[in-house]
Structure formats: C-alpha cells, structure tokens
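Trainee: The numbering of the sequence shown is my numbering, which starts it at 264 and goes up by one.
For each residue, glycine too, the CB sits at the ideal point set by N, CA and C.
Got a structure for you, questions after.
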Amino acid sequence: MSLQIRVKFPSDYPVIYKTVRLDSSLTVKEAVIAIGEAINVASSPDLGLYLPDQTNYLSETQTLSSFDSIRDVQYIELKSKKSPPKEGCCIIM
C-alpha cells in the first residue's frame, strides 16, 4: 500500500514542501533516502522524519505503516536530528 505524504524540507533545500508517494512497507530510514531521491538531494545520516504535532522523530527502524498518525498529519518534516527545538514563533527585539 502506498502513502501520500506532504513533506516540509529544511530551509537550505531547493524546495519547501513536496507531496511524495511512498510505499508504506518502507522503514523510516528508507523513506528518508527515497524522499531525498525524489528531489535529487543526497540524504544525510542525521536526517529524520519529524512529526511537529507530536514533537517527536519517527523511529528509523519502524515501517511507515506502523505509525497510525502519519496519515492524519498535515505534513511531516525532513529535519536534522541535531537541530534545536523551536521555542515559539517570534523573536522580540
């Protein structure tokens, strides 16, 4: 079975959002590689799939089909696991 997922990319990528179709039997690690191939960008080992609504990364070894909530989210983020968490929307100067 395939999943259609909207992916938000880091700011240094050539696209901001892209809807990709992935096989639900892929592991998260394989999905990260497939997403990179879809936009012709090599994936980095520190990249992961992040659910912003749940504020957590998906486990690399689990298949996409094992995450029930992945179908219900507005988008997922392809994000570095080293990036700091966001602490709000604004910077006050």
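Nearest by alpha-carbon distance to Q325: which of S343, E293, V304 is it?
Mentor: Cα-wise, what sits closest to Q325 is E293.
Trainee: Specify the secondary structure class of K271 as computed by DSSP and reduced to three states.
Mentor: It is a strand residue.
Trainee: Leaving out the 5 sequence neighbours to the left and right, which residues in its chain are closer than 7 Å to S288 when beta-carbon positions are compared?
Mentor: Cβ within range, chain order: T326, S328.
Trainee: Between K281 and V291, is the Cβ-Cβ spacing less than 8 Å?
Mentor: no
Trainee: Would you grab the beta carbon distance between L310 and L341 for me? Rounded to a whole angstrom, and I think it's under 8 Å.
Mentor: In this structure L310 is in contact with L341, their Cβ atoms being roughly 6 Å apart against a cut-off of 8 Å.
Trainee: Quick check: the Cα distance between Q308 and V336, rounded to an integer number of angstroms?
Mentor: Before going further, note that residue 308 is Pro rather than Gln in the sequence given. P308 and V336 have their C-alpha atoms spaced approximately 24 Å apart.
Trainee: Under a three-way DSSP split, which group does S332 fall into?
Mentor: helix
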